[in-house]
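Asker: Residue numbers (my numbering): 19 to 251. Quick reminder that beta carbons are idealized off the backbone N, C-alpha and C, glycines included. A quick note: this is a predicted structure, and the numbers were derived from the prediction, not measured.
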Amino acid sequence: MTIIGIPQGWPADERTALAVQEDLRGRLELGEPGPGVGEGNVTGVDVAYDDERDLVAAAAVVLDARTLDVVAEATAVGRVSFPYVPGLLAFREVPTVLAALGRLTADPGLLVCDGYGLAHPRRFGLASHLGVLTGLPSIGVAKNPFTFGYEQPGEQRGEFSALVAEGETVGRALRTRAGVKPVFVSVGHRVSLERACAHTLHLTPRYRLPETTRRADALCRRALGEALTAQSG
DNA sequence: GCGACAG
DNA sequence: ATCTTGTCGC
19 MTIIGIPQGW PADERTALAV QEDLRGRLEL GEPGPGVGEG NVTGVDVAYD
69 DERDLVAAAA VVLDARTLDV VAEATAVGRV SFPYVPGLLA FREVPTVLAA
119 LGRLTADPGL LVCDGYGLAH PRRFGLASHL GVLTGLPSIG VAKNPFTFGY
169 EQPGEQRGEF SALVAEGETV GRALRTRAGV KPVFVSVGHR VSLERACAHT
219 LHLTPRYRLP ETTRRADALC RRALGEALTA QSG
């Protein structure tokens with residue numbers, strides 16, 4: 019197994035990361051509708067950590083958007099490239115995720131990330147970074163509301179409310195299962211919020227979280243486990 | 001000023 | 001994210 023290194027020039031401190039983030043944000047494309055629901059491929063990405071051994075495993079799982087069948091999958095294991103700092107999560111996950119995406123043999127299509135896009139202190143979260151860096155349309159589907167405010171959406175699947183920050187709508191609290199805690203959807207790159215939510219509903223025929231992130235989550239945990247076994251025990 | 005804060 | 005048993009339910 020190969021453990022990928024941290025890329026040359028990758029930010030090592032908060033100040034540099036903030037500057038890089040601001041630069042990437044200048045390349046963000048908003049307002050485009052993005053691919054239609056059920057069209058082409060849709061790819062879930064996620065990572066798992068072992069802080070003890072300073073390892074991070076990433077997984078990318080490509081699904082046929084129409085059938086939700088797995089079309090391709092890839093993993094990568096790397097060194098943790100940045101400490102966890104709220105607002106700078108992307109700098110911790112991006113290098114290894116890009117390595118996994120690079121190993122895919124199928125067109126990723128739309129990227130579905132475990133975290134935020136526009137719903138971010140500086141309106142540029144993990145999904146935005148991955149979208150801009152790959153050029154792919156991307157959305158963020160998070161499990162928690164972070165620091166944002168929202169009204170409880172209606173109890174039925176498909177109902178939603180605005181995620182608000184500084185009086186501005188940055189995403190939606192979307193109910194994917196009746197009576198279950200909503201997920202928090204925001205735009206990453208080249209996809210409208212309306213369509214991001216439609217994709218999310220299409221990807222949640224059975225569970226609260228999208229099939230993409232469920233599959234990527236399971237795969238990156240498995241990859242991390244295998245990496246630890248391979249390392250020693 | 002201090003704490004909380006996606007994963 | 002991760003530390004973690006049993007348990008309820010499909």
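1) What residue does the beta strand (DSSP E) around VAL89 start on, and which one ends it?
2) Using the three-state DSSP reduction, which class does LEU73 fall into: helix, strand or coil?
3) Give the secondary structure of GLU212 by DSSP, where H, G and I count as helix, E and B as strand, and everything else as coil.
4) Compute the beta-carbon to beta-carbon distance between ALA196 and GLU173, rounded to the nearest angstrom, for a pair I have assumed lies under 8 Å.
5) Roughly how many angstroms lie between the CA atoms of ARG240 and GLN249, to the nearest whole one?
6) Is the distance from the Cβ of VAL79 to the Cβ of GLY96 below 8 Å?
7) Candidates ALA234, HIS207, VAL201: which alpha carbon is nearest THR218's?
8) May I ask you to verify whether the region 107 to 115 touches the region 46 to 61, counting CB pairs closer than 8 Å and requiring at least 3?
9) Please look up how many angstroms separate the CB atoms of LEU144 and GLY133, rounded, as I've assumed it's under 8 Å.
10) Quick check for students: name the residue ranges of the alpha helix (DSSP H) that lie wholly in the region 111 to 158, counting only runs of 4 or more.
11) Can the beta-carbon of VAL203 be found less than 8 Å from the beta-carbon of ARG190?
12) At which residue ranges does the region 27 to 64 contain complete alpha helix (DSSP H) runs of 4 or more residues, listed in the order of the chain?
13) Could you pull out every residue in the same chain whose Cβ sits closer than 7 Å to the Cβ of PRO25, ignoring the five residues on either side in sequence?
14) Can you name the start and end residues of the alpha helix (DSSP H) that GLY243 belongs to?
15) What number of angstroms, rounded off, separates the C-alpha of LEU73 from the C-alpha of VAL103?
16) Within its chain, find whatever has a CB closer than 7 Å to the CB of GLU32; leave out the 5 residues flanking it on each side and keep chain order.
17) Can you round the beta-carbon distance between ALA76 and VAL88 to whole angstroms, since I take them to be within the 8 Å contact cut?
18) Per DSSP, what kind of secondary structure is LEU192 in: helix, strand or coil?
19) Please name the residue, chosen from TRP28, ILE157, ALA37, GLY176, that lies closest to LEU129 on a Cα-to-Cα basis.
20) Whole-angstrom Cβ separation of HIS220 and GLY149, contact assumed at under 8 Å?
21) ALA180 lies in the beta strand (DSSP E); which residues open and close that run?
22) Suppose you measure from the CA of GLU60 to the CA of LEU136; what does that come to, to the nearest Å?
23) THR85: buried (16+ other C-beta within 10 angstroms of its C-beta) or exposed?
24) Please say whether PHE178 and CYS131 have beta carbons closer to each other than 8 Å?
25) Just verifying my parser: in three-state terms, what is the DSSP assignment at LEU81?
Answerer: So, to answer that:
1) Element bounds for VAL89: 88 to 97.
2) Three-state DSSP puts LEU73 in a strand.
3) Helix, per DSSP.
4) In this structure ALA196 is in contact with GLU173, their Cβ atoms being roughly 6 Å apart against a cut-off of 8 Å.
5) The straight-line gap from Cα to Cα measures roughly 14 Å.
6) No, they are not a contact pair.
7) Comparing Cα-Cα distances from THR218 to each of ALA234, HIS207, VAL201, the minimum goes to VAL201.
8) No, they do not touch.
9) Going by Cβ atoms, the distance from LEU144 to GLY133 rounds to 4 Å, so yes, they are a contact pair.
10) Qualifying alpha helix (DSSP H) stretches, in chain order: 144 to 152.
11) Yes, the pair counts as a contact, with Cβ atoms nearer than the cut-off.
12) 32 to 43, all fully within the region 27 to 64.
13) Excluding sequence neighbours, PRO25 sits near PRO113.
14) GLY243: member of the alpha helix (DSSP H) spanning 229 to 249, first to last residue.
15) The straight-line gap from Cα to Cα measures roughly 17 Å.
16) For GLU32, where only same-chain residues beyond five positions count, the Cβ hits under 7 Å are VAL103, LEU106.
17) That belief does not hold up - the Cβ atoms of ALA76 and VAL88 are roughly 17 Å apart, past 8 Å.
18) Reduced to three states, the DSSP call for LEU192 is strand.
19) For the options TRP28, ILE157, ALA37, GLY176, the alpha carbon positioned closest to that of LEU129 is the one of ILE157.
20) Wrong, their Cβ atoms sit about 19 Å apart, outside the cutoff.
21) 178 to 183 is the extent of the beta strand (DSSP E) around ALA180.
22) Before going on, a small fix: residue 60 reads as Val here, not Glu. As the crow flies, the alpha-carbon of VAL60 is around 19 Å from that of LEU136.
23) The residue is exposed, with fewer than 16 neighbouring Cβ atoms inside 10 Å.
24) If you check the CB distance, CYS131 and PHE178 do not come in under 8 Å.
25) Here LEU81 sits in strand by DSSP.
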